[in-house]
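Below is one structure; the comments refer to it alone.
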Amino acid sequence: MSILQKAVQAAMQKAVELAPDAFIPGGIPDPLIAEGHALIGAPVSRVDGAVKVRGAAPFAAEFALDGMAYAALVYSTIARGRIATLDTAAAEAAPGVALVMTYRNAPRIKPVPMIFTQPKAAHGDDLPVFQDDAIHWNGQPVALVLAETQEQAEYAKSLVRVTYHEEPATTSVAAAKARGMEAAAFMGEPLDVRVGDAEAALAASPYRVDAAYTTPRLNHNAIELHAVTVAWDGEELRLHDASQAVAHTAWSLAQAFGIEEKQVRVTSPFVGGGFGGKLLWQHQVLAAAASKLAGRPVRLMLSREGVYRVAGGRTLTEQRVAIGAADDGRFTALVHTGMVAMSPHNGLAEPFIMPAKSLYSAGSFKLSVEAVRLNMLANTFMRAPGEAVGSFALECAVDELAERMGIDPIELRRRNEPDHDPTTGAPFSSRHLVEAYRMGAERFGWAQRQARPRMRREGEWWIGMGCATATYPYYRMGGGAARITLTREARVRVEVAAHEMGMGTATVQAQLVAARLGVPLENVTVSYGDSAMPGTILAGGSQQTAAIGASVIAALRALFTDLLRLGGHGTALDGLHFDEVRGLEGGLCKAGDGLRRASYAELLARAGRDELQVEGQAAPPLEARHWSMHSTGAIFCEARVNVVTGEPRVTRLLGSFDCGRILNAKTAASQFRGGMIMGLGMALMEETQSDPRNGRVMNPSLWDYHVPSHLDVPPIDVIWTDLPDPHAPAGARGIGEIGITGTAAAVVNALYNACGTRVRDLPATLDKLLG
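Numbering (this note's numbering), first residue to last: 338 to 1108.
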């Protein structure tokens, strides 16, 4: 970014900060917040539940197309170098093989724009795909085999013979550090915050803690494997993809193949888990290229090993957290710095300093992230990128400081609760973290916790309690749009290029639309997962509900305006403006006056329409620049450690959340619990193991990479404040990612309270607890 661009950006930010609240989206609270509705917050079962239970929900690898061929990938076995020989003759002669595609015969593909480089870019790296003989990571695809059956393709790929000219590669963290570190950024913003002289304040503090923490690489393991079914019709490309970014994928593939965006259609009606991993990787590009080369539809489904080789996960971190405190426990200095590993060809640093930017009031701050470069698969988003691992280090350090000062960990957090954003100075849009802690402590029985470790023992088990703060920013990305169709029968169809990955998107949006329009829930259909629909909405950053919600609000303004303009004359609504009416009992009424009402049937009849269709474009997402907006919460854990073996077990978890208004109690509880289970896995077992000699992932399966099973997961209780954020659509902030934040720290803090051993290097396996 040039000096001029930075200056313009800074000026725009200052203008947004200083603008009157009414000029900012959310400055006038959503009427749905004050008026309420029985559907808002109701525990409605997911509208797609029955379809999935019947097995009638089509996933990306379940679309059967005439003449379809099946693909399998061959992966490199070196971290860096060039292909020396590539013998595909045996594979091409194998039964059922249609072709073997390599860099030698692949169609010409332009560089696929890397995520963050352009508004609709979604690719994990900036590398050419099958355009040359260069190898950039151990596991990079080097050949694609296409056959009549999947079994034939898998057998034939074993016949491909590849040799390499190896080149020096950086495959260990120590070697990467020796090559030097660089300043890191996230979403175009530098990861560096300085307020005062934190190091000097730390040194002068009567109480301080200064510790190092590490987190390993982590891999995506969604239930549904990454898959795509592809077909060309002339110069038009159609994909059924497992995607959380259909519009971004369509645009990106259009760039890759040199066609218009409208010539690519991506559908993704159901996704069996995304968590940040189901963006655009090489397998979608390769499937489209193979389909073009073979002249027939192609299905490519990655194996579990293939996901580890091709789709990135969370990168490793090394973090330093140092906190200085005065005699009364108030923080005088907060230092959170460290390093992340990235590939030479991607731009996503793990922004672990994000929680430290807003959680605690301190006299000074020093927050920064640097990056080293390893020859490895590009890392990417994984549920709460930055916050998940950053909250582990920060919240463990707060726990250690509380013990050192003889203050209850919750009380220490309360004493450092800010009344405005401590690093930006912005006012909070809504913040009730202290209340969440109060509710959670009472429900969990925190008063029964022993202040010192090894004070509670049952048989061979020490038992302890721990807590930690959860936090995740409110995001609403630009590009949101929605189309709404209303019929005389008061039936409503909403179309938006959004995604359903198990979180209940369609259900919650149907509830909101039914409440806003005053129609029964069963009258509303929400269609999604299709790039032909309006909007450029990414299912990520816990922002999809807000992005769709703002888009629907814009579309409803257009709908109400047209209904009043075309059919309102001569009715009880004559002369009213769109913001003066509300949906009620299958029609519109004057806000606060249900007697001034006209049904949708009457309004459409007067307009001479059987139905009315409108589109709306969401306002720019300025609210998060004007206010400091965050979901927060408190995680409580009870854990035990075996006196003999050091085995850790978690016996209870509770999450108490402040995320604004909860829109659906059932789907929200599921989201919170799911995030907490991922945090449990991060705390106790998950770790991608890479051979430092050659960069190869050594545990690319669920046999070797451990995720929590049913027996690992204890009872999980979730509660929430349910206090609306006046500046967010429907008063709701994101909930999809906050559950994982704070959970690893709460677990590790509970383990310490049980046995007296602090674990600063995840995962907290039994060997680290013996002592």
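Think of the CB as a built atom: it goes at the ideal place given N, C-alpha and C, for glycine as much as any other residue.
Can you grab the Cα-Cα spacing for the pair residue i / residue j, in whole Å?
| i | j | result |
| --- | --- | --- |
| A778 | T1058 | 13 Å |
| P1061 | C974 | 27 Å |
| E597 | P985 | 55 Å |
| K447 | V583 | 20 Å |
| D358 | D367 | 13 Å |
| E399 | G571 | 23 Å |
| I452 | S542 | 42 Å |
| R934 | R853 | 15 Å |
| A788 | T454 | 50 Å |
| G912 | A971 | 49 Å |
| E536 | A1091 | 33 Å |
| R751 | V981 | 37 Å |
| V833 | A1082 | 38 Å |
| H374 | F915 | 20 Å |
| V1050 | L1017 | 8 Å |
| K599 | V831 | 21 Å |
| A1069 | A976 | 32 Å |
| A895 | E952 | 7 Å |
Which residue wins for smallest C-alpha separation from residue i, given the options the options?
| i | options | result |
| --- | --- | --- |
| M676 | V726, L369 and G650 | V726 |
| A443 | V466, A430 and V530 | V466 |
| N860 | R943, S936 and E826 | E826 |
| A513 | L481, A708, S695 and Q477 | A708 |
| L639 | D1041, P1051, C1092 and P1037 | P1037 |
| S864 | L731, N1001 and A843 | A843 |
| L714 | R775, V565 and R1033 | R1033 |
| L539 | A670, D665 and G418 | A670 |
| L1021 | A1069, L555 and Y440 | L555 |
| R989 | F781, A387 and P1045 | F781 |
| E485 | G877, K694, G433 and I377 | G433 |
| L858 | A379, D899, A807 and G684 | A379 |
| R828 | G929, L903, S936 and G816 | S936 |
| W1110 | G595, H1064, E797 and E687 | This structure gives no information on residue 1110, because the portion of the chain shown stretches from 338 to 1108. |
| G815 | A490, V510, H585 and I420 | H585 |
| V510 | V479, F729 and P553 | P553 |
| Y774 | K457, A1002 and T969 | T969 |
Residue j and residue i - do their beta-carbons sit closer together than 7 Å?
| i | j | result |
| --- | --- | --- |
| Q848 | V381 | yes |
| M838 | V608 | yes |
| A734 | I821 | no |
| P692 | E724 | yes |
| A408 | L483 | yes |
| H1111 | G872 | Past the edges of the chain, shown from 338 to 1108, lies residue 1111, and the structure says nothing about it. |
| H769 | D1054 | no |
| V384 | L528 | no |
| P362 | A819 | no |
| D462 | N716 | no |
| V978 | W799 | yes |
| E917 | G855 | no |
| A851 | L376 | yes |
| E737 | V603 | no |
| G418 | H502 | yes |
Contact defined as beta carbons within less than 8 Å: I believe residue i pairs with residue j. What is the distance between those atoms, to the nearest angstrom?
| i | j | result |
| --- | --- | --- |
| G1071 | T882 | 7 Å |
| M1013 | G992 | 6 Å |
| L637 | A624 | 4 Å |
| G404 | R575 | At roughly 14 Å, the Cβ-Cβ gap does not stay under 8 Å, so G404 and R575 are not in contact. |
| G1076 | G1011 | 6 Å |
| S589 | A459 | 5 Å |
| E1023 | P958 | In fact, because the Cβ distance is near 33 Å, the residues do not count as touching under 8 Å. |
| Y544 | M742 | 5 Å |
| V635 | A397 | That belief does not hold up - the Cβ atoms of V635 and A397 are roughly 12 Å apart, past 8 Å. |
| T908 | E948 | 18 Å between Cβ atoms; not a contact. |
| A431 | Q489 | 7 Å |
| T1078 | T652 | That belief does not hold up - the Cβ atoms of T1078 and T652 are roughly 17 Å apart, past 8 Å. |
Does any residue of chain B have a CB that is nearer than 7 Å to the CB of residue i?
| i | result |
| --- | --- |
| G839 | In the displayed structure, chain B is absent; only one protein chain is listed. |
Is residue i near the ligand FMN - that is, is its Cβ less than 6 Å away from at least one heavy atom of it?
| i | result |
| --- | --- |
| S705 | The ligand FMN is not part of the structure shown, which contains no ligands of any sort. |
Worksheet item: Three or more C-beta pairs closer than 8 Å, one from the segment 798-805 and one from the segment 517-526: is that the case here?
Response: Cβ pair count under 8 Å is below three, so no.
Discussion item. For the segment 638-649 against the segment 545-562, do three or more pairs of beta-carbon atoms, one drawn from each stretch, fall closer than 8 Å, so that the two count as touching?
Written reply: Cβ pair count under 8 Å is three or more, so yes.
Worksheet item: Do the segment 400-417 and the segment 879-895 meet, that is, are 3 or more Cβ pairs less than 8 Å apart?
Response: By the C-beta criterion, the segment 400-417 is judged not to be in contact with the segment 879-895, since fewer than 3 inter-stretch pairs fall below 8 Å.
Worksheet item: Is it a yes or a no for the segment 531-541 touching the segment 693-708, going by three-plus beta-carbon pairs under 8 Å?
Response: The segment 531-541, when compared against the segment 693-708, does touch it at the 8 Å Cβ threshold.
Worksheet item: Are three or more beta carbon pairs between the segment 494-514 and the segment 475-486 nearer than 8 Å?
Response: Contact holds: three or more Cβ-Cβ distances are below 8 Å.
Worksheet item: Is the segment 417-431 touching the segment 487-502 in the sense that three or more CB pairs, one from each, lie closer than 8 Å?
Response: The segment 487-502, when compared against the segment 417-431, does touch it at the 8 Å Cβ threshold.
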